[in-house]
Every structure is written in structure tokens, then in C-alpha cells.
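Engineer:
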Amino acid sequence: VKSINRAAEQLQQIIPQARIGIAHGQMAERDLERVMANFYHKRYNILVCTTIIETGIDIPSANTILIHRADKFGLAQLHQLRGRVGRSHHQAYAYLLIPSHSRMSRDALKRIEAIQAASTLGAGFTLASNDLEIRGAGELLGDEQSGHMHKIGFTLYTEMLEEAVSSIKAGKTPSPLLETDKAIDISLRIPALIPETYLPDVHTRLIMYKRISSSRDNYELEDLQIETIDRFGLLPEPLKLLFRVTWLKLKAQTFGIKKIEANSKSGRIEFLPQTQLDPLSLVQLIQEDPQHYKLTSGNQLQFHHGSEQASAKLDFINQLLDNLKLIEQKAA
1 VKSINRAAEQ LQQIIPQARI GIAHGQMAER DLERVMANFY HKRYNILVCT
51 TIIETGIDIP SANTILIHRA DKFGLAQLHQ LRGRVGRSHH QAYAYLLIPS
101 HSRMSRDALK RIEAIQAAST LGAGFTLASN DLEIRGAGEL LGDEQSGHMH
151 KIGFTLYTEM LEEAVSSIKA GKTPSPLLET DKAIDISLRI PALIPETYLP
201 DVHTRLIMYK RISSSRDNYE LEDLQIETID RFGLLPEPLK LLFRVTWLKL
251 KAQTFGIKKI EANSKSGRIE FLPQTQLDPL SLVQLIQEDP QHYKLTSGNQ
301 LQFHHGSEQA SAKLDFINQL LDNLKLIEQK AA
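In full-length UniProt numbering, the protein residues as written are 1 to 332.
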């Protein structure tokens, strides 16, 4: 508001023939109504204003909007402001004025990219998804309305809740392993992700992450992998690793595993206290290969894989789980 008159004066110098009006929230109600009415009836052909026009303004003849310092606005605000023009048959234009990328925050860049990409029908939903990814959903059961959850993700929570409700409806007691079955923590220090260069659209990446994490077995995961190649091309290495890590999670669920961690040379597997795995199977695994395996306190199996390569690390852990399964089958 402090600089709005100066901005209008600068515009008047650049375009002397322009009829310029000024509108902001600190004006008297009657003055504000008069300015807006004059703009509506085309007595002004340029309106310099604050975000007061964000909602509730319908001027069909307005076909161009310039948003100064668009990097300072949220996605919802930018979407609303952009919607102030193009409300009739006229071709509309929205120009976002921003500083150099080096002066903008990472989140601001993401917002600008998202608003640029979302220009089709249904863009509001796409922007809402992008906003959720950028800001975070906040605390589901708390008072924080933004930021990313640290203890439990929203998707996992809804899956847990859905499964618990289904169990109760079926007259069963919800499983105490409900949370941990799905919440296996795998930290292998490898780049397992969907590269932005492979799927530039944020919304498409979000959907793909959701579909990968929701795969119930190896067959679903393989079908999704084939579909991804068919739609978007050959998988880059980080995405191949993401599919492999997801398959590892599915495999680990059958053993009652809580956590798998690995660094460049070694790692550990932490089992749930109520795991169905026979402790004798772990003892036999260690006896067969004591150089690579060691049982530590607190239901943990330590292993030495000796490789910094992501693929070799995954191969070793996969083989470890296969060996455990084989020992279990022989014991049965």
C-alpha cells in the first residue's frame, strides 16, 4: 500500500495516455466502490491494486494481469489472481513478474513452476496437490496447518485407519502389527527416487510415488514398471532403485522386520519383538556364514556386504532374506 501510488505514477510516465485507477484495502468503502465501478465501466483501462481483487471480483472485459513479485505469493493466491482475467470470450494473459532465480527461495521456484504448468481445465486440483507437496500437510491430529509430518505420513495413517475399520466391521480385533507391517523403515543411502528430468510434472510424480508405494505384491510392482516404461520410456537408474527398494519392503513384511539400514560396508536388520521368524533360523544363518552375519542385542542382525554400489547392496540384502526363507522352509 505504501508504494502503490508510486507504482501508478511510474506507469503513467510509461503510458501517458492510460487512464489509471488505484484500489487497496485501506481506502474508504465508498471510494473503493467508485474506483471499481469506473474500472468495470472502462473509465479506467488500468487498475493498480493489491490482492484485494483476489476474490469476489468479476470484470469480463479485463484480459491482462501483471502480478508484481509473484514469488512472494502462495499457489492458491496466484491461481485466484490469475482467475481475475479471461472471464469472458476474450483471450486472457497473466504475467508473473519475478526476480532472478538466484534471489528466489527453492519453494518459490517450485510455486512458479507449478503455476506455469497448470494452465488447463482442472488446474485447481493439480495446484492443490503441488501445494500439498511444497508446504506439507501439517499435523493430522495437531494444530500445525503446514509442514511435513515427521512421525507418520498421511497416506500411511489413512491406510492404517481403513484397515482397522475393516477389521472391526468384520468382527475382528485390529492387528497389533497393523502399523509396523506397512511402516518398514528402509535406509540404504542410495538415490532411490523419480528424477524430475524423467517426469517433469509434479502431479504425475506424486501419483507415481503413490502407486509404487501402494503396490501389494511383486506382480503389481512388475506390471507398474512395465506400464511406466510404456508411458514414459526406459527407467533411469534412480527409478530402477526405487522399484527394487519397494520390492525389498514387500519381501521384508513376511519376516516381521521393523527396520533395514545399510551404509557403504555394513548394515543391520531390526526385527519386531513379535516377529514370526524362528530365532533358531537366525542362529543357523550366522553359523553358516559367521564372516558376514552377527546377532546383536535387541532383535538385531548385523551384516557386512562390503560394497558401495547400490545394486550390489540390494542384491546382498535380497539374498539374505532368501537365505532366511530357505532356512525357515527346511525347518518346517
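The beta-carbon is built from N, C-alpha and C at its ideal position, and this holds for glycine as well.
Excluding the five sequence neighbours on either side, which residues of its own chain have a C-beta within less than 6 Å of the C-beta of G267, listed in chain order?
Structural biologist: Here residue 267 refers to the residue found at position 267 of the sequence shown. Here the set comprises E261 and F303.
Engineer: Can you give, in chain order, each stretch of the alpha helix (DSSP H) that sits fully within the stretch 238-305 and has at least 4 residues?
Structural biologist: Assignment of alpha helix (DSSP H) within the stretch 238-305, counting only whole runs of 4 or more residues, yields 279-288 in chain order.
Engineer: Once the 5 residues before and after L178 are set aside, which same chain residues still bring their CB inside 7 Å of it?
Structural biologist: Reading the sequence shown from its first residue, position 178 is the one you call residue 178. Interpretation of L178 is limited by its pLDDT of 49, a score under 50 that renders its predicted location unreliable; no figure is taken from the coordinates.
Engineer: Once you ignore the five residues that flank R244 on each side, which residues in its own chain have a CB closer than 6 Å to its CB?
Structural biologist: Along the sequence shown, read from residue 1 onward, the residue named residue 244 stands at position 244. Here the set comprises L314.
Engineer: Counting only runs that start and end within the UniProt domain "Helicase C-terminal" (1-133), where is the beta strand (DSSP E) found for 3 or more residues in a row?
Structural biologist: 20-23, 46-49, 64-68 and 93-97
Engineer: To which residues of the same chain is V1 closer than 7 Å at the C-beta, ignoring the five residues directly before and after it?
Structural biologist: What you label residue 1 is simply residue 1 of the sequence shown in a count that begins at 1. Within the same chain, Cβ atoms closer than 7 Å to the Cβ of V1 are found at H24, Q26 and T50, the five residues on either side in sequence being excluded.
Engineer: Provide the residue(s) that pair with S187 in DSSP beta bridges, ordered along the chain.
Structural biologist: As a first step, residue 187 is located in the sequence shown; it is residue number 187 there, counting from the start. S187 is bridged to E261.
Engineer: Please report the Cβ distance between Y40 and R19, rounded to the nearest whole angstrom; I am assuming they are in contact, meaning their Cβ atoms lie under 8 Å.
Structural biologist: As a working note, residue 40 is residue 40 in the sequence shown. As a working note, residue 19 is residue 19 in the sequence shown. The C-beta distance from Y40 to R19 rounds to 13 Å, too long to fall under 8 Å, and the pair is not in contact.
Engineer: By DSSP, does S166 sit in helix, in strand, or in coil?
Structural biologist: In the sequence shown, residue 166 corresponds to position 166, counting from 1. If DSSP states are grouped into helix, strand and coil, S166 belongs with the helices.
Engineer: Regarding P273 and the ligand GTP, is the C-beta to nearest heavy atom distance less than 6 Å?
Structural biologist: This structure does not include the ligand GTP; it has no bound ligands of any sort.
Engineer: Taking all protein chains shown into account, decide if G142 is buried (16 or more other Cβ within 10 angstroms of its Cβ) or exposed.
Structural biologist: Along the sequence shown, read from residue 1 onward, the residue named residue 142 stands at position 142. At G142, the pLDDT of 49 sits below 50, so the modelled position is not reliable and the matter cannot be decided from this model.
Engineer: Quick check on the DSSP output: the alpha helix (DSSP H) that includes K210 runs from which residue to which?
Structural biologist: In the sequence shown, residue 210 corresponds to position 210, counting from 1. Run containing K210: V202 to S213, per the alpha helix (DSSP H) assignment.
Engineer: Which class does residue 333 belong to by DSSP, given the choice of helix, strand or coil?
Structural biologist: Residue 333 is absent from the structure shown; the chain starts at 1 and stops at 332.
Engineer: Take T296 and list the residues in its own chain whose beta-carbon comes closer than 7 Å to its own, dropping the five residues that flank it on each side.
Structural biologist: Here residue 296 is taken as the residue at index 296 of the sequence shown, counted from 1. Closer than 7 Å at Cβ, skipping near neighbours: Q302.
Engineer: How many angstroms separate the CA atom of S105 from the CA atom of S187?
Structural biologist: Stepping through the sequence shown from its first residue, residue 105 is reached at position 105. Stepping through the sequence shown from its first residue, residue 187 is reached at position 187. S105 and S187: Cα-Cα distance of roughly 28 Å.
Engineer: Compare the Cα-Cα distances from I14 to each of I46, F232 and E29 and report the closest residue.
Structural biologist: For the purposes of this step, residue 14 is taken as the residue at position 14 of the sequence shown. Looking at the Cα atoms, I46 is the closest of the given residues.
Engineer: For A192, does the three-state DSSP call read helix, strand or coil?
Structural biologist: Here residue 192 refers to the residue found at position 192 when the sequence shown is read from its first residue. Reduced to three states, the DSSP call for A192 is coil.
Engineer: By how many angstroms is the C-alpha of A70 removed from the C-alpha of L78?
Structural biologist: The count along the sequence shown starts at 1 and reaches residue 78 at position 78. The count along the sequence shown starts at 1 and reaches residue 70 at position 70. Going from the Cα of L78 to the Cα of A70 covers about 7 Å.
Engineer: How long is the line joining the alpha carbons of R189 and P99, rounded to whole angstroms?
Structural biologist: Numbered from 1 along the sequence shown, position 189 holds the residue referred to as residue 189. Numbered from 1 along the sequence shown, position 99 holds the residue referred to as residue 99. Near 36 Å, if we compare the C-alpha coordinates of P99 and R189.
Engineer: Between the stretch 51-62 and the stretch 83-93, can you find at least three pairs of beta-carbon atoms closer than 8 Å?
Structural biologist: yes
Engineer: Assign N218 to buried or exposed, taking buried as 16 or more other Cβ atoms, counted over all protein chains shown, within 10 Å of its Cβ.
Structural biologist: Numbered from 1 along the sequence shown, position 218 holds the residue referred to as residue 218. For N218, the number of other beta carbons within 10 angstroms of its own is below 16, and it is reported as exposed.
Engineer: DSSP state of Q329, grouped into three classes?
Structural biologist: Along the sequence shown, read from residue 1 onward, the residue named residue 329 stands at position 329. In the structure shown, Q329 sits in a helix (DSSP, three-state: H, G or I).
Engineer: Assuming contact is defined by CB atoms lying nearer than 7 Å, are A310 and L241 in contact in what I supplied?
Structural biologist: Taking the first residue of the sequence shown as 1, we reach residue 310 at position 310. Taking the first residue of the sequence shown as 1, we reach residue 241 at position 241. Cβ atoms of A310 and L241: closer than 7 Å.
Engineer: Are the stretch 280-299 and the stretch 215-229 in contact at 8 Å, needing three or more beta carbon pairs?
Structural biologist: At 8 Å Cβ cutoff, the stretches do not touch.
Engineer: Identify, in the order they occur along the chain, each residue of the same chain with its Cβ nearer than 8 Å to the Cβ of I7, setting aside the five sequence neighbours on each side.
Structural biologist: Within the sequence shown, the letter at position 7 stands for residue 7. This sequence places Ala at residue 7; Ile is not what is there. Answer for A7: V48 and H68, listed in chain order.
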